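Comments concern the structure below.
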Amino acid sequence: MPIDIKIKKGLTLKLKGEAENSIEQAQKSKTVALRPSNFHSLVPKMVLKEGAKLKAGDEVFFSKYSDKTRVVSPVSGTLKEIKRGAKRKILSVIIEADDELSYKDFGVMDPLKSNSSEVKDRIFSSGLGVFLNQRPYNIPADAEDTPKAIYISAYDTAPLSADYEFILKDKAEFFQNGINALTKLTGGKVYLGVDKQSASFLKDIENVELITVSGPHPAGNVGTLIHETEPMNRGERVWTINPEDVAIIGEQFKTGKYNAERTVVVTGTAAKHRKYFKTIIGAEVSSILKDQEDNSRIISGNVLTGEKIEEDGYINFFSNTLTVIPEGNEYRMFGWLPFKDNDIHSASKTSLSWLFPNKKYEVNTNLNGEERALVVTGEMEEVMPLDILPMQLIKACMAGDIEKMENLGIYEVVPEDFALVEYTNTSKIEAQAIIRNGLDIMITEVG
Numbered sequence: 003m004p005i006d007i008k009i010k011k012g013l014t015l016k017l018k019g020e021a022e023n024s025i026e027q028a029q030k031s032k033t034v035a036l037r038p039s040n041f042h043s044l045v046p047k048m049v050l051k052e053g054a055k056l057k058a059g060d061e062v063f064f065s066k067y068s069d070k071t072r073v074v075s076p077v078s079g080t081l082k083e084i085k086r087g088a089k090r091k092i093l094s095v096i097i098e099a100d101d102e103l104s105y106k107d108f109g110v111m112d113p114l115k116s117n118s119s120e121v122k123d124r125i126f127s128s129g130l131g132v133f134l135n136q137r138p139y140n141i142p143a144d145a146e147d148t149p150k151a152i153y154i155s156a157y158d159t160a161p162l163s164a165d166y167e168f169i170l171k172d173k174a175e176f177f178q179n180g181i182n183a184l185t186k187l188t189g190g191k192v193y194l195g196v197d198k199q200s201a202s203f204l205k206d207i208e209n210v211e212l213i214t215v216s217g218p219h220p221a222g223n224v225g226t227l228i229h230e231t232e233p234m235n236r237g238e239r240v241w242t243i244n245p246e247d248v249a250i251i252g253e254q255f256k257t258g259k260y261n262a263e264r265t266v267v268v269t270g271t272a273a274k275h276r277k278y279f280k281t282i283i284g285a286e287v288s289s290i291l292k293d294q295e296d297n298s299r300i301i302s303g304n305v306l307t308g309e310k311i312e313e314d315g316y317i318n319f320f321s322n323t324l325t326v327i328p329e330g331n332e333y334r335m336f337g338w339l340p341f342k343d344n345d346i347h348s349a350s351k352t353s354l355s356w357l358f359p360n361k362k363y364e365v366n367t368n369l370n371g372e373e374r375a376l377v378v379t380g381e382m383e384e385v386m387p388l389d390i391l392p393m394q395l396i397k398a399c400m401a402g403d404i405e406k407m408e409n410l411g412i413y414e415v416v417p418e419d420f421a422l423v424e425y426t427n428t429s430k431i432e433a434q435a436i437i438r439n440g441l442d443i444m445i446t447e448v449g
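Heads up, the sequence shown is in our numbering, so the first residue is 3 and it goes up one at a time.
See the structure below:
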C-alpha cells in the first residue's frame, strides 16, 4: 500500500498562463551552456581547453573538492568559450553544437544484474551523479556517501509548473530502468511522490515506495515528502533527483548513450506559445522563445523559486519550466486600496481577492511594497507544513547562530521550502536567500 500524505497548511496559487498539453520539437540550439552556479558549492576544474572537440558525454569539468563529481557535455561539438568573472571564476562554459550529434559509448548495463559498487561507479564516472542532490544543504551528492533514502517528486504543486506525468509518458521504460539503478545507491528506500488524484502510470512503477500526495502547495515539494516519511537528523544524508533526470539515467544504462534531452514547458501570460518543447540541457532561451515582448521577465523555473534569465541566456541545468510574466515596473495609482480592483492576489484580506477563491490571477514582478520592519505573528506558519518555526529559523540564520539553526531544523529545509513564506509575509523579506545563506554557514562551520 502506498504512503498517503495529506497536507493542510500551504497555499494554492491559481495563476493565468497555463500551457496546453502538446509537445513540439524546439529549434536546434546552436550553443549550450554549462554553468557551475547551477551546482551549488561546486568549484569547477576544467578538463578541456577552448577549441577542444568533444562528444556528448565527454567530461568538461569536475569538482575541485570531489573529482568523482563530474559534469559532462550534453552535445557533441566544440568548446567555444570559457567565460570568467572576477578572480578568474568560471561563470559558464559555452559549447557550439554539431549539426549531427555523436555520443560517447558508455556501454549497456543492466542495473538489476549489477552490484551496488558497479552501478555507483557507472553513475558518477559518466557524469550522471550531478543529477543527484544531497539533503541537507541541497548540494551535489558525494560519491563517497551512502544515503539513507532517495526521493523523487513527480508531482510539482508550484504554480504554472511542469506536469511530469505528461513529460514522462513516452519515457516509462527508461524511467523504470533509472529507478532500478537508484535502488543500488542506497541501503534504504527509493521514494516516489505522485498526485493522489491521478491515474498515472507512475503508480505502477516497481522498486519504489510510492507516496500519494494531496493538498495545497508545497505538498509536492521533496522537503515535504522527506519530513512526512524520514525526517532529517544531524549526520544523515538523503539524495533527491528530478523525474526526467531519472529517465536520462535509465536511458544511458539501456543504450550506453548520454541523451541530455530536456522537456521544457513554457508558461506565463507574457509567453506567446504556451506548450511543451523538446530541447537539450543548457539550451539557448532563444531556441524556444520567439518574439517576446520587451516589458516581460523570463524565469527559468516557476514564479516562486525560478531564476531570472535574459532572452539571450541559457536554461538552468535542472529546469523543466520557462515562465514568462510581465515586468512589474508600472505604478498602480492608489494600489493600496482594497476595493480599487480585485486583480491582485493576496494571502490575507488586504485585497478583495479572498472573495473569489477560484479566480485565476495574472501576476507580474511588482512587490507591491518594500521591505519593512513588520512581523505578523503566525503568518509564516500558515503556509509552512513542516514541523518547524519558520520565523525563528529565519532570525537564527540572519544572526548566524549555528546552535539555534540546528535546534530549529536547518538540516530539514532548503530555500524552496520558504518560497511561500517569502510570497506571503508582510515584511517582504527575502526568506529563500536568508535560508540559503544559513545553509552555507552550516556547510562552512559544520560540514
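We put the beta carbon where it would ideally sit given N, CA and C, even for glycine. Model, not experiment: these values are computed from the prediction.
Since residue i is in the beta strand (DSSP E), which residue starts that stretch and which ends it?
i	result
K82	79-86
F64	61-65
E98	92-99
V378	From DSSP, V378 is part of no beta strand (DSSP E); its letter is neither H nor E.
T33	33-36
Give me, in chain order, the residues of the same chain whose beta-carbon lies closer than 7 Å to that of residue i; leave out the 5 immediate sequence neighbours on both sides.
i	result
H275	V268
L50	L56, V62, L81
E263	K280, I282
E83	E52, I96
D419	P220, N223, G225, L388
K115	none
M400	I436
How would you write the range of the alpha helix (DSSP H) that residue i sits in, first residue to last?
i	result
G387	The sequence shown places Pro at residue 387, rather than the Gly named in the question. From DSSP, P387 is part of no alpha helix (DSSP H); its letter is neither H nor E.
M48	No alpha helix (DSSP H) contains M48, which is instead part of the beta strand (DSSP E) from 46-48.
K406	404-409
L495	The question about residue 495 has no answer, for the chain in this structure spans 3 to 449.
V121	118-127
I431	It is not in any alpha helix (DSSP H) - I431 carries neither H nor E in the DSSP assignment.
Can you grab the Cα-Cα spacing for the pair residue i / residue j, in whole Å?
i	j	result
L93	A35	10 Å
R90	R37	14 Å
E120	A145	12 Å
L395	K259	44 Å
Y363	S163	15 Å
I266	A421	Here residue 266 is Val; the residue named in the question, Ile, does not match the sequence. Straight-line Cα distance between these residues: approximately 21 Å.
T281	R124	25 Å
E1	N117	This structure cannot settle anything about residue 1, because the visible part of the chain is limited to 3 through 449.
L13	P161	10 Å
T231	H42	26 Å
G284	T379	42 Å
V448	E424	26 Å
S104	Y157	33 Å
K70	S127	6 Å
A435	L369	16 Å
N209	V415	27 Å
M234	F320	24 Å
A99	E26	20 Å
E405	S68	28 Å
D314	G190	43 Å
G252	N179	5 Å
P218	A88	42 Å
Looking at the strands, I want to know which residues DSSP matches up with residue i.
i	result
I152	V192, W241
E26	F279
Q136	I141, W241
K8	S216
S68	S65
T323	V267
Y157	Paired residue(s): none; Y157 is not in a bridge.
Y316	E286
Y105	A58
V74	E61
P328	S298
Using a Cβ-Cβ cutoff of less than 6 Å, which residues in the same chain neighbour residue i once the five nearest sequence positions on both sides are dropped?
i	result
M48	F63
I492	The shown model of the chain, from 3 to 449, leaves out residue 492, and the question about it has no answer.
K66	V45, K47
T426	A349, V385
I243	F133, L134, I154
V326	G270, A272, A273, S298, I300
P328	A272, S298, N366
For the ligand ADP, is there a heavy atom less than 7 Å away from the beta-carbon of residue i?
i	result
E232	This structure lacks the ligand ADP, and indeed carries no ligand of any kind.
Closer than 8 Å by C-beta to residue i: which residues in its own chain qualify, once you throw out the five before and the five after it? Chain order, please.
i	result
S24	K277, Y278
T188	T148, P149, K150, A151, I152, W241
L376	T428, S429
R86	I92, L93
G129	G59, E61, R72, V73, V74, Y260
- May I have a chain-ordered list of the alpha helix (DSSP H) segments no shorter than 4 residues that lie completely inside the region 239-313? Every unbroken stretch of the alpha helix (DSSP H) spanning 4 or more residues and falling wholly within the region 239-313 is given here in chain order: 245-257.
- Please list the segments of the beta strand (DSSP E) lying wholly inside the region 160-241, counting only runs of 3 or more residues, in order along the chain. List check, beta strand (DSSP E) in window: 191-197, 211-216.
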